[in-house]
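Q: Same order as they appear, the protein sequences are chains A and B.
Just so you know, numbering that gives the first Met the number 0 puts 13 at position 14 of the first sequence, and the rest follows in order with no gaps.
Just so you know, numbering that gives the first Met the number 0 puts 43 at position 44 of the second sequence, and the rest follows in order with no gaps.
Note that beta-carbon positions come from the ideal geometry of N, C-alpha and C, so glycine has one too.
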Amino acid sequence: MFDLLFHGFSVALSGINPLLVVIGCFLGTIIGMLPGIGPINAIAILFPIVLQFDLPPSSALIFFAGIFYGSQYGNSISSILLNVPGTSSAAVTCIDGHPLAKQGRAGPALAMSAMASFIGGTISIFLLIFFAPYLSKLAIDFGPAEYFVLMVCAFTALTSFSEGSFIKAMFSAFLGLAIATVGIDELSFGGMRRFTFGIRELGDGIDFIVVVIGVFAVGELFLFLSDTAKDASQRVIPLKKVLLTFKEIKESIGGILRSCVTGFLVGVLPGAGATIASFLAYNTEKKLAGTKGNFGKGDLRGVAAPESANNSSAVGSFIPLLVLGVPGSETTAVMLAVLITLGVTPGPTMLVDRPDMFWGVAASMFIGNLVLIVLNLPMVRLLAKILLVPRWILMPLIAILSIVGVYVINGSEFDLILMLVFGVVGFLMRKTGFPLAPLVLGLVLGGLIEVNFRRALTYSYGDFSTFYESPIAIALWLITLASLVAPVLFRFVKKRLRQ
Amino acid sequence: MNLTNDRKYAIAMLIFSMVYCFSAFSLDADFNPTQEKYYPFVLSIAMIILSLALLVWPSPHTTTWPKRKNLQKIGLTFCAILVYSLVLHRVGFLISASILMGICMWVFEANRKWIVPVSIIVAISFYLIFDRLLGLTLPAGILNFF
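#1: Would you mind telling me which residues of chain B sit closer than 9 Å to A/Thr-155, beta carbon to beta carbon, in chain order?
#2: Looking at the secondary structure, which residues open and close the alpha helix (DSSP H) in which A/Arg-257 lies?
#3: Would you please state the rounded distance, in angstroms, between the beta carbons of B/Gly-91 and B/Gly-140? I believe it to be under 8 Å.
#4: Tell me whether A/Gly-103 is buried or exposed, calling it buried when 16 or more other Cβ atoms sit within 10 Å of its Cβ.
#5: Name the chain A residues whose beta carbon is nearer than 7 Å to that of B/Val-106?
#6: Taking contact to mean 3 or more Cβ pairs, one atom from each stretch, closer than 8 Å, check whether the stretch 158 to 172 of chain A and the stretch 431 to 441 of chain A are in contact.
#7: So the candidates are A/Thr-340, A/Val-21 and A/Leu-242; which of them puts its Cα closest to the Cα of A/Pro-47?
#8: Could you name the residues of the same chain whose beta carbon sits closer than 7 Å to that of A/Gly-254, not counting the 5 residues immediately before and after it, in chain order?
#9: Are the C-beta of A/Pro-395 and some C-beta of chain B separated by less than 8 Å?
#10: Return the first residue and the last residue of the alpha helix (DSSP H) that A/Glu-145 is part of.
#11: Which stretch, first to last residue, makes up the alpha helix (DSSP H) that contains B/Asp-5?
#12: So is A/Asp-53 in contact with chain B if we call contact Cβ pairs under 8 Å?
#13: Taking the alpha helix (DSSP H) that A/Arg-300 falls in, what are its first and last residues?
#14: Give the straight-line distance between the Cα atoms of A/Lys-142 and A/Ser-187, rounded to the nearest whole angstrom.
#15: Would you call the CB atoms of B/Ser-50 and B/Met-12 closer than 8 Å?
#16: Taking buried to mean at least 16 other C-beta atoms within 10 Å of its own C-beta, is A/Pro-269 buried or exposed?
#17: Kindly give me the distance between the Cβ atoms of B/Asn-173 and B/Thr-61, rounded to whole angstroms, as I take these residues to be in contact under 8 Å.
#18: Mind listing the chain A neighbours of B/Ile-73? Cutoff is C-beta to C-beta under 7 Å, in chain order.
#19: Whose C-beta lies closer than 7 Å to the C-beta of A/Gly-359 among residues of the same chain, with five residues either side of it excluded?
#20: Do A/Leu-419 and A/Thr-28 have their CB atoms nearer than 8 Å?
#21: Kindly indicate which three-state DSSP category A/Ile-183 falls into: helix, strand or coil?
#22: Pull up the DSSP beta-bridge partners for A/Arg-199, would you.
#23: Can a CB atom of chain B be found closer than 8 Å to the CB of A/Met-191?
#24: Anyone know if the C-beta pair for A/Gly-73 and A/Ile-30 falls short of 8 Å?
#25: In the DSSP assignment, what are the bridge partners of A/Arg-193?
#26: Can you give me the C-alpha to C-alpha distance between A/Tyr-146 and A/Phe-452, rounded to a whole angstrom?
Quick look at the structure:
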């Protein structure tokens, strides 16, 4: 294992990669910090631009991974100083972080957040490199049928664990799959055009990145305009010394370590992500502290737990992506789409086929965490100034950047109109309570699901029993069933307990 | 039956799914699981079932639609992006992006005196960064001497 990790470091430190780690982490911190733009928007908006540089897949992934876990560091800065979470996974950090800032202890709160993020992030990388090779051994025997069932399993888990109505989440996933069927069919000899309605530009299919930028960046713009919340940039609490005492560290370290493990496990599960991880970690620590804690009124442990959890869950979510080739969240779904565009065939043999990618990314995370602790401790006072940028300049800038990004993919005006249409779709879906994560997952995996479904049936001469013949497939169906039943059972038990 | 928010959406979903189902069914291919028609057809059936399920079991979700003033802002932004998309090639990036930036800033209630200078500076810097520095061609349009 250590020779592989050593190889990973040689990938992470070669050529332009160290620079990409630094830029990714820096951008990630800023993006995490700014409310209204999260890692998924940033990755989608930057992807067309990064594509122009002909980077190898491992370098692109190192860069986007840096943005992703970097954003989990930065998101607490606005939670603490503004009481507005930078991304939803830092919502829980507001509960204790902002009261601390009001008491004039913003410095210790930020220092604690940075330290917890660093410990959570670093330990979870060890967990990642320890567990991933074991899982990849299981994945060797995967054929098209098993891969198809694995994707069905990921979908079910994602939709059944998402908030709100299960039916709506499921419909959202199917909508994504349906959008993915538009365009020329790659499997048939003639290359049949499906659902193009005579529009020539739809022949190449709908580019997922156009949909993602539309749904997230443009949809977000409309969502921002739909409520009249005041610009918060004027309420930033000024910052004094960013330091912790030894006693404060000693008090929190247990919680940080516990939350790191919780966060990692939650991150590995499809559907549950950094937001759930941080809530779970916070509630656990609050219960453990009992009456001795000052939770909710400004307790440093209430900052430490969620920050450790959301960072380690970000690292954990790379396991399904890089080991099985199935993303468990919307951000990793976009990363998978990036890899597909760069010519990587996703699947359960990815770790064996492309060791440079997995080990390179894992090694780059160690470097990234060191960069991030420097950015978030000594330089946090400088970074916090970015929160003073008013919204009337920030939002239009993001809008222009995403529009330029969509245009440079194909240089086509049609893509811009498509982006706008999906912006409206994204806005309406969010307003009407349809989750967007299943849509993105459906869109990205749609092509693969159809290919593997049809290929499996071609191998079996149309016999459907191929989908439940192997022990792996049966096990996956059982997991699928369990993930369907679990939330229903959970709700039932909760109801009973209340009565 | 009470027409809740979710039931209205279910009807919209049903219409969409049926259109998709119909277009899948009218594809000119064999109805064989390995052919191009079967898979989208299965998807559309699942979508129809889901739409009907939501009609029967709506969730207690309530939608709060934006106020009239905010709707106007959204509409204006939508139109601005639409016009930008349609005229980009003819007019060029610099002019269309400055106008779009200006409208977006106005919608986000920027100080009036800042709108014109900031949007021109932003458009020029984007053009310089993307077109000149990164080599990603943006249409020059009527200003192609720049």
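A: If we stick to the structure as given:
#1: At a C-beta separation below 9 Å, A/Thr-155 has no neighbours in chain B, since its nearest C-beta there lies roughly 13 Å away.
#2: Segment 245 to 267, the alpha helix (DSSP H) holding A/Arg-257.
#3: 2 Å
#4: exposed
#5: Leu-224
#6: yes
#7: A/Thr-340
#8: Glu-284, Arg-300, Ala-303 and Ala-304
#9: yes
#10: 143 to 160
#11: 4 to 24
#12: Chain B, which has no Cβ nearer than 8 Å to the Cβ of A/Asp-53, makes this no.
#13: 299 to 315
#14: Per the sequence shown, residue 142 of chain A should be read as Gly rather than Lys. So the two alpha carbons sit approximately 20 Å from each other.
#15: Against a cut-off of 8 Å, the Cβ pair of B/Met-12 and B/Ser-50 comes out as a contact.
#16: buried
#17: Only positions 0 to 145 of chain B appear in this structure, which leaves residue 173 of chain B out of reach.
#18: Phe-221, Leu-224 and Ser-225
#19: Gly-7, Val-10, Ala-11, Ser-57 and Ile-61
#20: The answer is no: Cβ separation not under 8 Å.
#21: Under the three-state reduction of DSSP, A/Ile-183 is assigned to strand.
#22: According to DSSP, which records beta bridges pairwise, A/Arg-199 is partnered with nothing at all.
#23: yes
#24: yes
#25: A/Gly-182
#26: 9 Å
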